[in-house]
Structures are given as structure tokens and as C-alpha cells.
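Inspection log for the structure reproduced underneath, given as C-alpha cells.
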Amino acid sequence: LSASSAADGRAVAGTIHVTNRIDERAWRAFVDAQPDSNIFHTPEMSRVFERAEHHRTNVLAATDASGIPVALLAPVEVTLIGGPLRSWTSRAVAYGGMLCSGDSVGRDGARHLLADYRRVTGRRPLFTELRHLSDASLFRNILEADGFSVTYEGDYINVVKLLNQAGIPARATARRRET
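Here is the structure:
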């Protein structure tokens with residue numbers, strides 16, 4: 121969450137830079153200007169996650185040449201067991217999904233964010249989940265072109281299906297406590 125210019129980032133494709141050092145005022149202004157933004161895209165929420173036990177944030181922004189954000193990815197790595205098992209017990213969740221301006225520069229920034237995210241994280245965490253709270257159709261082609269699998273079924277029913285397909289018993293329904 122430290123302030124810096126886009127020069128601290130890695131230059132990609134001419135005028136797009138990917139950085140993990142984002143000027144907080146520019147970050148907040150970008151989030152405020154996007155109609156699909158939500159609380160999970162804010163610097164304040166990133167600080168909340170960073171202070172939570174077993175959580176680590178990895179906020180990346182794609183910026184134009186002047187340092188203004190055009191796309192944002194704010195995954196939170198959640199770890200169950202640290203140490204040598206960390207990579208097998210960690211997942212990343214971008215609770216608000218990915219955010220970008222809807223123009224071609226924003227979409228290009230989103231592509232570069234994903235590529236840089238994959239380069240930085242490697243095989244850690246085990247998987248990354250983007251939980252878009254609004255229509256994510258803008259990202260479908262970008263995600264699929266970069267090798268990401270795009271699935272969604274309400275209330276994460278697909279997780280139960282995947283467990284069942286893998287032969288792992290999972291209850292499809294939860295008991296409700298009677299009051």
C-alpha cells in the first residue's frame with residue numbers, strides 16, 4: 121500500500137506498467153470511478169485482510185504511462201498450514217474480482233495483470249478464485265485466453281460437484297439449526 125510512481129513497476133507493452141506499489145489516492149480514485157467496483161477493491165479492505173491471521177495480500181495494478189490505474193487485481197492468499205506445506209494449503213481469492221476500465225487500455229491492462237500475477241505467484245497458491253460481484257463477461261475472453269478456467273454456479277455448487285467427481289464425499293445440503 122505504499123505510494124510510488126509507475127516507474128517502480130515493470131513496463132509492459134509500451135504504455136502499460138504493472139506494479140504492486142500503488143499511490144493510494146490514485147487507487148481510490150480509480151475504484152471510485154468504476155461502476156463495477158466494490159469494497160473489496162479498496163485500499164482499506166486490503167489493509168483489513170493484511171492484518172488478518174493467515175492472510176497475505178498481493179495487490180497489482182496496471183497503470184498507464186502517467187501512473188493512473190487502468191486495471192486492478194487484489195487477491196488475498198489464505199493459508200491453512202504454513203511452512204513446507206504452505207503451497208499445498210494456500211489459495212488466493214480476489215473477493216471483488218478483477219476491475220478495469222471498460223476501454224481497450226483497461227482490457228489490455230487486465231491481460232498484463234493476469235500474466236504478471238501468474239509470473240509472480242508461479243505454483244503458489246494452489247489455485248486462484250476470482251469472485252466477481254457483478255457481470256464478469258468483460259473478462260471471460262481475457263481469462264480463457266490466458267489459460268484460466270471460467271466457471272460459475274451460484275452459491276459455489278460447482279465445488280460440491282467437483283468434489284463428487286473426484287470421489288470425495290461432500291454433503292450437497294447443510295443442516296439448518298432449528299430455533
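First residue of the sequence shown? That's 121 in the working numbering, and the numbers climb one at a time after it. For each residue, glycine too, the CB sits at the ideal point set by N, CA and C. As the structure is a computational prediction, the values presented were derived from the model and not from experiment.
Endpoints, the alpha helix (DSSP H) within which residue i is located
i      : result
His232 : Ser224 to Thr241
Ile69  : With the chain represented from 121 up to 299, any question about residue 69 goes unanswered, as that position is not in the structure.
Ala149 : Glu144 to Ala153
Cβ-based burial, residue i [other Cβ within 10 Å; buried from 16]
i      : result
His174 : exposed
Ser221 : buried
Ser166 : buried
Val240 : exposed
Ala149 : exposed
Asp236 : buried
Ile136 : buried
Integer-rounded CB distance, given that residue j should sit under 8 Å from residue i
i      : j      : result
Ala230 : Ala153 : Rounded, the Cβ-Cβ distance is 16 Å, inconsistent with contact.
Ser207 : Glu197 : Not really, about 10 Å apart at Cβ, beyond 8 Å.
Ala191 : His161 : Going by Cβ atoms, the distance from Ala191 to His161 rounds to 11 Å, so no, they are not a contact pair.
Asp184 : Val225 : 7 Å
Ile262 : Arg227 : 6 Å
Ala212 : Pro245 : 5 Å
Ile319 : Val179 : Nothing can be reported for residue 319: it is not among the residues displayed for the chain, which extend from 121 to 299.
Asp266 : Leu234 : 5 Å
His232 : Val138 : 5 Å
Leu258 : Ala214 : Actually they are not in contact, since the Cβ atoms of Leu258 and Ala214 sit about 15 Å apart, beyond 8 Å.
For residue i, the three-state DSSP class (helix, strand or coil)
i      : result
Ile159 : helix
Glu249 : strand
Val168 : helix
Arg176 : strand
Leu219 : strand
Cut-off 6 Å between Cβ atoms - residues of its own chain near residue i, not counting five sequence neighbours on either side
i      : result
Glu170 : Thr177
Host beta strand (DSSP E) of residue i (start-end)
i      : result
Ala191 : Pro189 to Leu193
His137 : Ile136 to Thr139
Ala212 : Ser210 to Ala214
Own chain, CB closer than 7 Å to residue i, minus 5 neighbours either side, in chain order
i      : result
Ala146 : Gly187, Ile188 and Pro189
Thr253 : In the sequence on display, residue 253 carries Leu and not Thr. If we look at Leu253 and ignore the five residues flanking it on each side, its Cβ neighbours are Asn158, Gly216 and Gly217.
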